[in-house]
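Asker:
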Amino acid sequence: MEHAGGSAAAASRGPCAAIPADQMPFIRQILDRVGDKWSMLIIAILEDGALRYTDLQRDVPGISQRMLSHTLRQLQQDGLITRTAYAEVPPRVEYTLTPLSRGLLDIVKQLIGWVSDHHDEIRAHHDRAAAGS
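Using the UniProt record's numbering, the letters of the sequence shown map in sequence onto residues 1 to 133.
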């Protein structure tokens with residue numbers, strides 16, 4: 001199957017059918033990043049504006065310093081957040097969403113809301129599955 005760009009599509013049907021096979025590895029990488037629990041929580045928390053590293057660490061319960069630093073670096077690399085360092089004593093660094101990530105924000109919030117709304121039902125399924133094994 002040929003894609004409009006001339007390269008073979010990655011799949012014959014579904015959302016992947018419109019994506020050239022040579023683009024799929026990068027697309028999977030980005031989906032992995034934006035679908036990561038820490039990335040989604042950070043994007044959602046930054047909705048209201050700039051936050052410092054310590055604010056993010058406090059507002060994302062359970063994230064380690066190493067994971068927060070790693071996730072922030074990746075989100076910045078992908079153009080989803082900006083990191084602004086201010087030449088002050090002590091130094092101040094703030095993170096904000098970019099226009100690119102603003103388009104992702106509603107999707108992230110909807111997914112987080114869906115999980116929250118269905119938490120009890122999903123937990124019950126987990127408990128039943130664990131009891132049956």
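The beta carbon of each residue, even a glycine, is placed where N, CA and C say it ideally should be.
What is the rounded straight-line gap between the Cα of E2 and the Cα of D48?
Answerer: Legend: pLDDT at E2 = 46, less than 50; position of this residue unreliable, value from coordinates given subsequently. Roughly 44 Å separates the two Cα atoms.
Asker: Taking the alpha-carbon positions, what's the R13 to L31 distance?
Answerer: Going by the C-alpha atoms only, they are around 19 Å apart.
Asker: Just the C-alpha distance for P91 and R83, rounded to the nearest angstrom, thanks.
Answerer: Near 13 Å, if we compare the C-alpha coordinates of R83 and P91.
Asker: Distance, Cα to Cα, D55 vs L97?
Answerer: Computed Cα separation, rounded: 15 Å.
Asker: Leaving out five residues on either side along the sequence, give the residues of the same chain with a beta carbon under 6 Å from the beta carbon of I122.
Answerer: So the list is empty, once near-sequence residues are dropped.
Asker: May I ask you to verify whether the segment 104 to 121 touches the segment 69 to 76, counting CB pairs closer than 8 Å and requiring at least 3?
Answerer: Output reads no: the segment 69 to 76 does not touch the segment 104 to 121.
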